[in-house]
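Protein chains in written order, with my numbering: chain A, 124 to 219; chain B, 376 to 563. Written below as structure tokens is the structure these notes are about.
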């Protein structure tokens, strides 16, 4: 697995990579949408979203729709750069 | 989906990225509402305008277009409700919205400047064709791309007939370029 040493460990995980791939394709998405599309449990997804948020890869906004609390996520500039760099590194391994 | 316990292979990483980007594609059917609403409004407007102009002595045949006022209200309410309901905001949503808002500004200038007279239906066809064509490309829906292009052909035909008949050509254009693709989009 030494080949993977340059892959960002924060992105090199199934669920976090799935979340980032979803968010890179849209302007913003609600927590329930991400949960539905990734098939993750709410607890697990919440932990991974926190990790991505703490790394500055995504931005998390909490608001209300009527009386219902809503968590919305969007990818940050830093997140886009990290995602692009991850994909480029992946491509360079495949080309080898 | 599990988290990070087992290491990912290159192929697994690529599969996740591809699947998720595919999953993120929004529901394009929602847009059919606007095509059907405005398609029928434009159809009624064109045919009504033609009828009032050719078969009655009514001095303001263009007054038929007042039917577009409730359609604007309905469009705004529908758009507002949809944006409140949506769990995801795609980049394409804003692009399409601004294409049609800019079309609406052009339409207001063409109609209310009073400078374009009988060429109004032709100009509207050209602009509606462009907006429909671009929308078709954004959502990658071929019937709308062909529909948008058909508006341009109808614009040429409309420019070759008597002004009142250009309204009938517009009605046919709306059917071919707007309503048929709109129903196909609804069924997609």
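Note that the Cβ used here is the ideal one computed from N, Cα and C, for glycine as well. All of these numbers come straight from a predicted model, not from anything done at the bench.
The region 163-179 of chain A makes contact with the region 134-142 of chain A; the number of CB pairs closer than 8 Å reaches 3 or more. Residue 450 (chain B): member of the alpha helix (DSSP H) spanning 443-460, first to last residue.
Residue 472 (chain B) is positioned such that its CB atom lies no closer than 7 Å to that of residue 156 (chain A). At a cut-off of 7 Å between beta-carbon atoms, residue 207 (chain A) makes no contact with chain B. Residue burial is scored here from C-beta neighbours: residue 421 (chain B) has at least 16 other C-beta atoms within 10 angstroms and is therefore classed as buried. At least one C-beta of chain B is nearer than 7 Å to the C-beta of residue 152 (chain A). Within the region 161-186 of chain A, those residues whose Cβ lies closer than 7 Å to any Cβ of chain B are, in chain order, 161, 162, 163, 167, 171.
Bounds of any alpha helix (DSSP H) do not take in residue 191 (chain A); it lies within the beta strand (DSSP E) bounded by 191-198.
Chain order gives no chain A residues near residue 474 (chain B), where near means a beta carbon separation below 7 Å; the closest approach is about 16 Å.
Along the region 447-465 of chain B, going in chain order, the ones with a CB nearer than 8 Å to a CB of chain A are 459, 462, 463, 464, 465.
DSSP places residue 160 (chain A) within a helical segment (H, G or I) once states are collapsed to three. Contact between the region 177-196 of chain A and the region 149-165 of chain A is present, with at least three C-beta pairs closer than 8 Å.
For residue 517 (chain B), the enclosing alpha helix (DSSP H) begins and ends at 517-535.
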